[in-house]
Each structure stands twice: as structure tokens, then as C-alpha cells.
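One structure is given below, encoded as C-alpha cells.
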């Protein structure tokens, strides 16, 4: 009888794997020849590799229909290997040893796979493709895209409400303009008969009176013109006061609107993001300059306290992460410098000063 504590092998349906391998031939993210080190680390064997999602199939040749093996890449780590080559070896052997990388799993008793590419570009392409072949990474990207989509929907809604408010303000202003036009036309119609009557009275007075009464008529005209100037000055003053009051109302409505509130929140979020990114970059610089580079120098010494593999396993790709975050921080700061701003106080001041200059009090 078999004991219950005996470990059983996991059964895998080979037909399903063959179907996936056939699909991987037409829908893959990376494919090409790589040298794979055997299990006993004795020989390098040339295999045809096909990367499909988070599955890495390898075949004996490019024309093989049945895969020779399969690697599951979910939760793995792919790193470039930095090896020291003996000086006595030939130049061709040195070049081959340079383009090596490995796939590791952070668990005990799990095999590590070592590969060798044909050139520098092929090696970098495979490392990048394997690092991005993760379902959890796709989930994170999906969540980020959903958050961006929700943010854009909120922005669109705020823009719609702002557009509706502006349309209402335009309608109110157009109604005010129509009322002012009607009042202006009524005033013009009222003043036309008065002007005709005054002109007729002046002509009749000039014809009927003697030359001694002419200065009195001109004095009356001068008094009328002074009164008209006073009336115009008062009208200008009231127009400028109404204009300034309307401007203040528009500015207050905008500052209390949802669009202005969302813009303020968005700007504060961007500022906090830039500050957090600056702090993170500083910490990465301390990690690289104070720990990673001294460890690398110590590993290259005659009596190293630790090997390059230990340094790579401890720090992983912290230097590359630092460079990427520095580039990201530069982009953020450049975008923040060109961030659009709206200064409403200066526009109110300039508009009121123009109207005030047209009618001095």
C-alpha cells in the first residue's frame, strides 16, 4: 500500500500545452535562438525559444512542432550576469560569456535557468520581454488605466458643468445687452425731437432778437453743454462700477465651481507626487552611491567578501531603477514648470483701471 505522506507528481495535460504552443507560434511577444545551459551545468545547447504571455516554450529547432520544454515565468526574476573571464581564454569565448542572463525564483530547491544570447541587443530584448511577462504586472497596468479613465470622466463632467454655467452667463449677458440696446434706442428717440426743438428755438431767437441778446443765448448753450458733460461723467462712473461688480460675480462663481476645485485638487496631487518622487530619488542615490558601488568594488578585489552574484541578488536592478526615476522626475518637473495658471485678480484690476481712466472722478 502507498502511504498518504508520499508526494505525488502533479499531472499536466500535454494536449493543452501543445495547443498553447501552437498558438504561441503565431501570437508571441518574443522569439529567437538562445543557448541554454543543461541541468548539470556542463554544456550549452542551442534551442528555439518562444515567449507567449507568461509562458516560455523552447524547441529543439525552429521547425519543431512539439516543444521540448516549458518555463513558467510568473513570479520569476530575470537578471544580467556579470562574470569574470580568465585572461587566457580567447576573444570569442569572452564575447560569448558577456551576453548571459538567468531566470531565478526566490524559493529553495527551485532550479535556476541560465541562457546566453547571440549579441548585446538580443540579450537586452529578451531580459526586458521576460521582465514584463507577468500577469500581476498586467493587472496593475489595468488598474492604473481604470483610474486614469475615471479621472478623465470626472474632468469631462466638470468641463460639461463649466460649459453649461458659461452658457448661462452668456445668455444673461446677451439679455443685458438687448435691454441696454432697447434703452439706448428709446433715449435716442426721446432726444431727437428735443434737439430739433432747441435748434428751431435758437434760429428763431437769432432772427427775432437783436445783436445785443446774442451773448445770453451762447451762455445758455454753454450751461447746457456743462450739464451734459456732468451727466456723461456720472453715466461713465456707473457703467464702470457695474462692469467691476459683474467681473467680481463671475470670478466668485468660477472660484466656487467644481471645475476650479478639481483643478486645485489636481495641482496639489501633482505637487505631492513630485515631492514624493524627489524623496524617493534621493533615497535611491544614497543606496547606489553608499552601498551598491562600494559592494561592487569590494567584489572585484583580490579577496572579495562577497561575489558579484551576491551583489546582484541583494540589490537587483536598483541602479537602473534610479536612472528611470531620475528621468521620470525630470519629466515631472518640466511639466510642472509649464503647468497652466489662471490669474483672475490681474484681469479684474486691468479692466477696472481701463474703465476708470476713461472717466476721471
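Numbering (the numbering used here), first residue to last: 167 to 527. Glycine residues also receive a C-beta, built at the ideal position from the N, C-alpha and C atoms.
Let me know the beta strand (DSSP E) ranges lying completely inside the region 199 to 283, each 3 residues or longer, listed in chain order.
210 to 218, 221 to 225, 235 to 238, 243 to 246, 266 to 270, 279 to 282
Does the Cβ of residue 185 have 16 or more other Cβ atoms within 10 Å, making it buried, or fewer, making it exposed?
For the purposes of this step, residue 185 is identified with residue 19 of the chain shown, where counting begins at 1. With fewer than 16 other Cβ atoms within 10 Å, it is exposed.
Does the region 480 to 487 come within contact of the region 439 to 459, defined as at least 3 CB pairs closer than 8 angstroms?
In short, these stretches touch, since the Cβ pair count reaches three.
Is residue 408 closer than 8 angstroms to residue 443 when the C-beta atoms are compared?
Within the chain shown, numbered from 1, the residue matching residue 443 stands at position 277. Within the chain shown, numbered from 1, the residue matching residue 408 stands at position 242. The answer is no: Cβ separation not under 8 angstroms.
Per DSSP, residue 197 is paired with what?
Taking the first residue of the chain shown as position 1, residue 197 is located at position 31. Residue 197 is bridged to 216.
Under a Cβ-count criterion, where at least 16 other Cβ atoms within 10 Å of its own Cβ denotes burial, should residue 268 be classed as buried or exposed?
Reading the chain shown from its first residue, position 102 is the one you call residue 268. It is buried - the Cβ of residue 268 has at least 16 other Cβ atoms within 10 Å.
Simplified DSSP assignment, three categories, for residue 289
Indexing the chain shown from 1 puts residue 289 at position 123. Helix, per DSSP.
Going by the CB atoms, is the gap between residue 272 and residue 282 shorter than 8 angstroms?
Numbered from 1 along the chain shown, position 116 holds the residue referred to as residue 282. Numbered from 1 along the chain shown, position 106 holds the residue referred to as residue 272. Contact: no.
With a threshold of 16 other CB atoms inside 10 Å of the CB of residue 296, please say whether the residue is buried or exposed.
Numbered from its first residue, the chain shown carries residue 296 at position 130. The residue in question, residue 296, is buried, as its Cβ has 16 or more Cβ neighbours within 10 Å.
Here's the rule: buried if 16 or more other CB atoms are within 10 angstroms of the residue's CB, otherwise exposed. What is residue 233?
As a position in the chain shown, residue 233 is number 67, starting the count at 1. Result: buried.
In whole angstroms, give me the CA-to-CA distance for residue 176 and residue 235.
Indexing the chain shown from 1 puts residue 176 at position 10. Indexing the chain shown from 1 puts residue 235 at position 69. Straight-line Cα distance between these residues: approximately 16 angstroms.
Taking the alpha-carbon of residue 241 as reference, which of 328, 502, 491, 303 has the nearest alpha-carbon?
The sequence position of residue 241 within the chain shown is 75, counting from 1. Answer by Cα proximity: 303.
Near residue 278, which residues of its chain fall below 8 angstroms by C-beta distance, leaving aside the five closest residues on each side in sequence?
In the chain shown, counting from the first residue as 1, residue 278 sits at position 112. Once the five neighbours on either side are set aside, the close Cβ partners of residue 278 are 268, 269, 270, 271.
How is residue 472 classed by DSSP in three states: helix, strand or coil?
The residue given as residue 472 occupies position 306 in the chain shown. Of the three classes helix, strand and coil, the one that applies to residue 472 here is coil, per DSSP.
Measuring only the C-alpha atoms, how far is residue 212 from residue 499?
Translated into the one-based positions of the chain shown, residue 212 becomes position 46. Translated into the one-based positions of the chain shown, residue 499 becomes position 333. As the crow flies, the alpha-carbon of residue 212 is around 47 angstroms from that of residue 499.
I'd like the span of the alpha helix (DSSP H) that includes residue 486, first residue to last.
As a position in the chain shown, residue 486 is number 320, starting the count at 1. Start and end: 484 to 503.
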